[in-house]
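A.B. asks: Here it is, the structure in full.
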Amino acid sequence: MTQKENIKPPFAGVDVGSLTAKSVIVSNGSIAGYGLVPSGLNSEESGLLALEKALTVAKITRDDLKYIVATGYGRISAPYADKTITEITCHGRGAHYLHPTTRTIIDMGGQDCKAIRLDEKGNVVDFAMNDKCAAGTGRFLEVMANVFKVKLNDLGPMSLEAKEIVPMSSTCTVFAESETISLLARGEKPENIIKGIHHAIANRISGMFSRVGVESDVFFSGGVAKNVGMKAALEEVLKAKIVAPEYDPQLVGALGAAVLARSYGQKV
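If you're matching positions, the sequence shown starts at 1113 in the numbering used here and goes up one per residue.
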């Protein structure tokens, strides 16, 4: 077999979420490129923009791709994809690719939160999902960051500086915002309130895990996984060590879609 014949074609995954569209290119068994763009009103356009960014990084064109899998909320508007697959399945495959001993996934995205249980092959065996309320999502934390007049990325480090936890009685966005303003007016330290917010979210999420269970290793994906304070709160509440990938946790779904594209594409 010649060297050229040994080169495997590239495959792509596109994950169009509520806030961000992501794409990952997998080639020759490794990640060749990725792209992220804000999700606009046009899901098809957002997915294509993310895909084009990933293709540019990988230094290939769309014609080079053998197979494309789309996932996420916007997968129904992805005529460029060869197949669409649910984000639950794609997150399972993405987490398994990055950390093969993953058995439980916490996925916290822009507007929903998922608890997913996997088998040893990365197949989904059970899951629970909260998409009815903003609590436990990136959107909720964005609102809280605005109350404190800090960047979203500052919430995690600030919470780690807390000396105590100020309990939050509500994780409803409207009531939590009002309660936070009242606590600040009362003189409570911002970092202690922020830690309380993270713990309130973690306690709410723990309810999903009472249904699906927690088995090690626990993998944290989604944009909120970048928040070190949220990770620490989840570890305390769930009493489990949590793995946060060095690879951008926002890309786990798109990566899983690319891995599945490789599986389906090799059968074509």
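For every residue, glycine included, the Cβ atom is placed at its ideal position computed from N, Cα and C.
All figures in this text were calculated on a predicted structure; none of them were measured in a lab.
(1) Give me the Cα-Cα distance between E1117 and E1303, rounded to the nearest whole angstrom.
(2) Counting only beta-carbon separations shorter than 9 Å, does M1241 have a partner in chain C?
(3) Quick one: what's C1202 bridged to in DSSP?
(4) Under the rule that 16 or more other beta-carbon atoms within 10 Å means buried, what is K1134, buried or exposed?
(5) So what's A1144 in DSSP terms, helix, strand or just coil?
(6) G1221 and L1363: beta carbons closer than 9 Å?
(7) Could you name the residues of the same chain whose beta carbon sits closer than 7 Å to that of R1251, not counting the 5 residues immediately before and after it, in chain order?
(8) Going along the chain, which unbroken runs of the beta strand (DSSP E) with 3 or more residues stay wholly within the stretch 1184-1236?
(9) What's the gap between the Cα of A1312 and the Cα of V1169?
(10) Tell me whether P1269 sits in a helix, a strand or coil according to DSSP, three-state version.
(11) M1280 by DSSP, collapsed to three states: which one?
(12) For G1206 versus A1369, is the C-beta spacing smaller than 9 Å?
(13) Please classify K1233 as buried or exposed, where buried requires at least 16 other C-beta atoms within 10 Å of its C-beta.
(14) Indicate whether I1197 and T1216 have their beta-carbon atoms separated by less than 9 Å.
(15) Hey, I1306 and M1270 are a contact pair by Cβ (cut 8 Å); roughly how many whole angstroms apart?
(16) Would you decide whether R1213 is buried or exposed? Buried here means 16 or more other CB atoms lie within 10 Å of its CB.
(17) Apart from the five residues just before and just after S1282, which ones in its own chain have a Cβ nearer than 7 Å to its Cβ?
(18) Looking at the unbroken beta strand (DSSP E) that takes in G1125, where does it start and where does it end?
(19) Tell me the DSSP secondary structure of A1182 in three-state form.
(20) Starting from T1168, trace the alpha helix (DSSP H) both ways and give me its first and last residue.
(21) Measuring only the C-alpha atoms, how far is G1152 from L1160?
C.D. replies: So, from the listed chains and residues:
(1) Unreliable positioning characterises E1117 in this predicted model, as indicated by a pLDDT of 37, which lies under 50. The coordinate reading is nonetheless provided below. A straight line joining the alpha-carbon of E1117 with that of E1303 spans about 57 Å.
(2) As a matter of chain content, chain C is missing from the structure shown, which is built from one protein chain.
(3) DSSP, once it has assigned bridges, lists no residue as partnering C1202.
(4) K1134 counts as buried, since at least 16 other C-beta atoms from the protein chains shown sit within 10 angstroms of its C-beta.
(5) The answer is strand: DSSP assigns A1144 an E or B state.
(6) By the CB criterion at 9 Å, G1221 and L1363 fall outside the cutoff.
(7) Sequence-distant partners of R1251 (beyond 5 residues in either direction) whose C-beta falls short of 7 Å from its own C-beta, in its chain, are G1222 and Q1223.
(8) Segments of the beta strand (DSSP E) lying fully in the stretch 1184-1236: 1216-1220 and 1225-1230.
(9) Roughly 39 Å separates the two Cα atoms.
(10) If DSSP states are grouped into helix, strand and coil, P1269 belongs with the helices.
(11) Three-state result, M1280: coil.
(12) Here G1206 is near A1369, since their CB atoms are less than 9 Å apart.
(13) Classified as exposed, K1233 has fewer than 16 neighbouring CB atoms from the shown chains inside 10 Å of its CB.
(14) Not a contact, by the Cβ cut-off of 9 Å.
(15) Contact between I1306 and M1270 holds, since their C-beta atoms are separated by about 5 Å, short of 8 Å.
(16) Looking at the sequence provided, one finds Thr at residue 1213 rather than Arg. By the neighbour-count criterion, in which 16 or more other beta carbons inside 10 Å mark a residue as buried, T1213 falls on the exposed side.
(17) Contacts found: A1288 and E1291.
(18) Unbroken beta strand (DSSP E) run through G1125: F1123 to V1128.
(19) Strand at A1182.
(20) First-last of the alpha helix (DSSP H) with T1168: S1155 to A1170.
(21) Separation of G1152 and L1160 (C-alpha to C-alpha, rounded to the nearest whole angstrom) is 11 Å.
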